[in-house]
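Peer 1: This is the structure, below, for whatever I ask next.
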Amino acid sequence: MDKLETLEVSGTPEDIGFAIEQADADSIQKQVLQLAEFRETERTWQDSSYLKMLDATARSVFPEYVLELEGMARGAQVEYETLLIWNCRGDLPLSDDAIPESAKHSPEGCTTLLFPAAKSSVAVIVHNEDGQPELDGHCCWLSVRQENGSKFSTFHYPGMLPGYTFSVNSHGLVQTINNIRVDDLQSGIPHWC
Numbered sequence: 012m013d014k015l016e017t018l019e020v021s022g023t024p025e026d027i028g029f030a031i032e033q034a035d036a037d038s039i040q041k042q043v044l045q046l047a048e049f050r051e052t053e054r055t056w057q058d059s060s061y062l063k064m065l066d067a068t069a070r071s072v073f074p075e076y077v078l079e080l081e082g083m084a085r086g087a088q089v090e091y092e093t094l095l096i097w098n099c100r101g102d103l104p105l106s107d108d109a110i111p112e113s114a115k116h117s118p119e120g121c122t123t124l125l126f127p128a129a130k131s132s133v134a135v136i137v138h139n140e141d142g143q144p145e146l147d148g149h150c151c152w153l154s155v156r157q158e159n160g161s162k163f164s165t166f167h168y169p170g171m172l173p174g175y176t177f178s179v180n181s182h183g184l185v186q187t188i189n190n191i192r193v194d195d196l197q198s199g200i201p202h203w204c
């Protein structure tokens with residue numbers, strides 16, 4: 012297994028996004044944009060009213076995340092909508108005949124287990140990442156210092172907003188994301204918010 016690269020970023024949401032994706036730009040161009048899942052999702056949903064509604068809702072409820080995503084797009088030198096589609100792909104269903112063959116046979120959805128502390132042991136949390144194997148070697152361990160002083164570290168996939176995987180903040184709070192996709196998607200706040 013290759014050593015996981017580390018990246019430290021700080022600043023405003025836009026500064027953070029720009030710095031992350033400037034470092035990820037090559038992986039975005041050569042890996043993410045070439046994934047069959049991304050290409051099919053983009054073909055199906057680009058310029059759609061549903062994608063525009065997800066964007067508008069995110070802008071109204073979590074504008075700082077949108078600013079970060081806009082910074083990421085500038086850093087990666089791609090259109091904002093490109094990274095919006097990549098981050099919203101769980102909210103953008105594909106018909107059964109449009110799902111790439113590789114995605115049909117590879118279960119997606121991370122798993123987290125917590126073993127509570129006992130009298131003689133500490134609590135242990137275990138998490139696996141079930142992301143696309145094509146992104147192996149393109150992820151990093153990301154440490155973020157926000158302009159308000161908050162700090163957190165997270166496993167990071169290229170093009171994804173930080174915190175989409177597993178994270179720990181400077182107070183020791185651990186967060187994990189278990190990706191469970193629903194079949195009856197409703198319009199509203201994108202799941203990455």
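When we follow the working numbering, the leftmost residue of the sequence shown carries the number 12, and every step to the right adds one. For glycine and all other residues, C-beta sits at the position ideal for the given N, C-alpha and C.
1. Quick check: what's the CA-CA separation for LYS63 versus GLY82?
2. May I ask you to verify whether the segment 13–24 touches the segment 142–159, counting CB pairs closer than 8 Å and requiring at least 3?
3. Could I get the ranges of all uninterrupted beta strand (DSSP E) runs contained in the segment 16–91, with 3 residues as the minimum, in chain order?
4. Just to confirm, are PHE73 and ILE200 a CB contact at a threshold of 9 Å?
5. Could you tell me the distance, in whole angstroms, from the CA atom of VAL137 to the CA atom of SER71?
6. Within 10 Å of its beta-carbon, does ILE31 have 16 or more other beta-carbons around it, so buried, or fewer, so exposed?
7. Roughly how many angstroms lie between the CA atoms of GLN42 and ASN159, to the nearest whole one?
8. Pick helix, strand or coil for ASN139, following the three-state DSSP scheme.
9. Per the DSSP calculation, CYS151 is bridged to which residue(s)?
Peer 2: Let me spell this out:
1. As a working mapping, residue 63 is identified with position 52 in the sequence shown. As a working mapping, residue 82 is identified with position 71 in the sequence shown. C-alpha separation (whole angstroms): 18 Å.
2. yes
3. 16–22
4. Numbered from its first residue, the sequence shown carries residue 73 at position 62. Numbered from its first residue, the sequence shown carries residue 200 at position 189. Going by C-beta atoms, PHE73 is nearer than 9 Å to ILE200.
5. For the purposes of this step, residue 137 is taken as the residue at position 126 of the sequence shown. For the purposes of this step, residue 71 is taken as the residue at position 60 of the sequence shown. If I take the Cα positions, the gap works out to 34 Å.
6. Indexing the sequence shown from 1 puts residue 31 at position 20. The residue is buried, with at least 16 neighbouring Cβ atoms inside 10 Å.
7. What you label residue 42 is simply residue 31 of the sequence shown in a count that begins at 1. What you label residue 159 is simply residue 148 of the sequence shown in a count that begins at 1. The straight-line gap from Cα to Cα measures roughly 33 Å.
8. One-based indexing of the sequence shown puts residue 139 at position 128. Here ASN139 sits in strand by DSSP.
9. Start at 1 with the first residue of the sequence shown, and residue 151 comes out as number 140. The partner list for CYS151 (beta bridge, DSSP) reads GLU16 and HIS167.
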